[in-house]
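Line order of the protein sequences matches chains A and B. Under the numbering used here, the final residue of the first sequence carries the number 228; numbering is consecutive throughout. Under the numbering used here, the final residue of the second sequence carries the number 1233; numbering is consecutive throughout. The beta-carbon is built from N, C-alpha and C at its ideal position, and this holds for glycine as well. Fair warning: this is a prediction, and the values are worked out from it, not measured in the lab. Remarks on the structure that follows.
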Amino acid sequence: MNLIGQALTVVRKDLLLEWRGKGRLISVLMFGVVTLLLFSFAVGPDSTLLRAAAGGFLVLALLLSSTLGLSESFRVEQEQRAIEGLLLLPVDPIALYYGKTLSNTLFLMLLAPVLTPVALILYSVQLDLKGLAVLLGLWTLAAAGLSAPGTLYAAMTSRLQSQDVLLPLLLFPLVIPVLMGAVKSITLILTGDPMSQVGSWAALLASFAIIYWSLCGLLFPHAIEEGI
Amino acid sequence: MTRQFKWDSGIGLLGLLLLFVGSYIGLFVAPSERYMGEVQRIMYVHVPCAWNAMLVYMLAFIFAIISLWTHRPKWDAATTAAAEVGIVLNSLLLVQGSIWARATWGVWWDWDVRLTTSLIMLLLFAGVLALRSFVHDASRRATWTAIATIVAFVDVPLVYFCVRWWRSLHQVQSTPDTVAPMMVVPLRINAFAILFIAIWMMTQRARLELDRRRQDQVSEPERLAPIGGSNNA
């Protein structure tokens, strides 16, 4: 089986696990919704303020939920030492990395259909279909950018005692470009973009994703060469 | 061993001496700045700290690549030493910048591009050291430190570029042509002074790391049951 076939098999395995368990997706979704609700309490019931901050809150909800989802993605592999079996299989570590990263990206994309409508309703923002499509595109780029370093670090921290602290500590400063790009562009979509700046921010998100998908793919085999 | 001790202590002493000379010229000989007044003199330590912090982080990145490539303990020690000294210089940079900002802009903090990038850089490398402190196996610790250092360093230009799209308040860097000659001299002397002190700190820290690693490698039975049962407590 070639590299792409192997990676897709890993994706299939992860999605199947997710489909049969469903626990991770539902709990992370609930977490995201609760976060969105809490943000509105922080600002107060001022609809103008809420509308202006809606993009930022939506992306923060994605970021906070992503650490839960990412850490869980390797925690399941640690159960009954499944990871050792996985590493013993004749699967290229690079394929394993890209499979895991792709399934994590898909997982984060699945948050969009729930979190976006909740944010639109809670923060009373209007959005037409075209805007919604662009928002989903930006969400996908942000999810890809978060997953690349996120999967690498989730693998590295999965067996450490303090994963819950370490993963955000490593990931949050690193993904600040993703956070800024996504917040700026999604806010522009929600509040209007008179200067057509969304394209530049989307390009920034795409470059981050490309750089880290390549770099982390190169580094992952080193990270797991002595087991995780 | 004795020769090595002389070598890097010499560099450290030279650094301290230069720092004294440079700061003396900066504080008492160089003219004061026309608009900012005396507070501008903080530049003589602020700018050298900034240059050296970037230089030391870049060294950490290069050492990390070599460490990942060769798996030699000395390169892992060098990576850690450089990352730690980088954090020290970076923290000094932020404190000095904050004092300067309070005096000239009237605020302790501003979301300026270089200020924000330095803070994010500090957090990025602090994360690397945090990860390192949680891994007990020496060889895995070396590999993961190298990986995290590479991942963190690659992010720095991205963060800088990203923050630059916000409005910038930081003054444009001066060049030797735009400032009085007596301002350039202490700046250059202090740049080398801090470089030498940084090299001295890095060699000390790297040596400490290698010693710790050697100590960890002493096998358990040997420590538990000393031959002759003499002086091992």
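- Bounds of the alpha helix (DSSP H) holding A1191/B are 1181 to 1217.
- Contact with chain A is found for S1139/B, since one of that chain's Cβ atoms lies less than 9 Å from the residue's Cβ.
- Counted as a single uninterrupted DSSP element, the alpha helix (DSSP H) harbouring W213/A occupies residues 198 to 223.
- Given a length threshold of 4 residues, each whole run of the alpha helix (DSSP H) inside the stretch 123 to 190 of chain A is given here in chain order: 129 to 157, 163 to 174.
- If you ignore the 5 residues before and after R75/A, its C-beta comes within less than 7 Å of the C-beta of S158, all in its own chain and listed in chain order.
- A residue is called buried when at least 16 other Cβ atoms come within 10 angstroms of its Cβ; F1020/B does not meet this threshold and is exposed.
- Among the residues facing chain A, W1075/B is not included, as its CB has no counterpart in that chain under 9 Å away.
- Bridge pairing for E1033/B: G1037/B [DSSP].
- Annotation: the continuous alpha helix (DSSP H) that includes R12/A extends over 3 to 21.
- A Cβ-Cβ separation of about 6 Å places Y1044/B in contact with G1022/B under the 8 Å criterion.
- With contact defined as three or more Cβ pairs closer than 8 Å, the stretch 9 to 28 of chain A and the stretch 160 to 171 of chain A are not in contact.
- Rounded to the nearest angstrom, the gap between the Cα atoms of F39/A and G69/A is 20 Å.
- Between L1068/B and H222/A a beta carbon distance of about 6 Å is seen, short of the 8 Å cut, so the two are scored as contacting.
- Under the 9 Å criterion on CB atoms, F208/A is classed as interfacial with respect to chain B.
- Here L219/A has L152 as same chain residues with Cβ atoms under 8 Å from its own Cβ, once five neighbours each way along the sequence are excluded.
- H1046/B: member of the alpha helix (DSSP H) spanning 1043 to 1070, first to last residue.
- Annotation for I1150/B: the continuous alpha helix (DSSP H) segment containing it runs 1138 to 1164.
- By the Cβ test, the stretch 189 to 198 of chain A is in contact with the stretch 45 to 57 of chain A, since at least three Cβ pairs between them sit closer than 8 Å.
- When C-beta atoms of the stretch 1112 to 1121 of chain B are compared with those of the stretch 1154 to 1162 of chain B, three or more pairs fall below 8 Å, so the two segments count as touching.
- Interface annotation, D1155/B: in contact with chain A, CB-CB separation under 9 Å.
- Annotation for E77/A: I83, L86, S158 place their beta carbon closer than 8 Å to its own, counting only its chain and skipping 5 residues before and after.
- Neighbours of W1144/B across chain A, judged by C-beta separation under 8 Å: M156, A223.
- For T48/A, the closest C-alpha among the options V183/A, L122/A, M156/A is that of L122/A.
- At a cut-off of 9 Å between beta-carbon atoms, Q161/A makes contact with chain B.
- Within the stretch 1081 to 1100 of chain B, no residue has its Cβ closer than 7 Å to any Cβ of chain A.
- For G1010/B, not one C-beta of chain A is nearer than 9 Å to its own C-beta.
- DSSP, read as helix, strand or coil, puts P90/A in coil.
- Per DSSP, reduced to three states, the secondary structure at G192/A is coil, with no helix or strand assignment.
- Secondary structure of W1109/B (DSSP, three-state): coil.
- Note that the C-beta distance between L50/A and S147/A is not below 9 Å.
- The C-beta of A1053/B comes no closer than 9 Å to any C-beta of chain A.
- Closest in alpha carbon position to E18/A, among T9/A, N2/A, V43/A, F107/A, is F107/A.
- Burial is judged here by how many other beta carbons sit within 10 angstroms of a residue's own beta carbon; W213/A has at least 16 and is buried.
- Close partners of M180/A in chain B (Cβ separation under 7 Å): C1162.
- Nearest CB-CB separation between L169/A and chain B: below the 9 Å threshold.
- Remark: C-beta atoms of L29/A and S65/A approach each other more closely than 9 Å.
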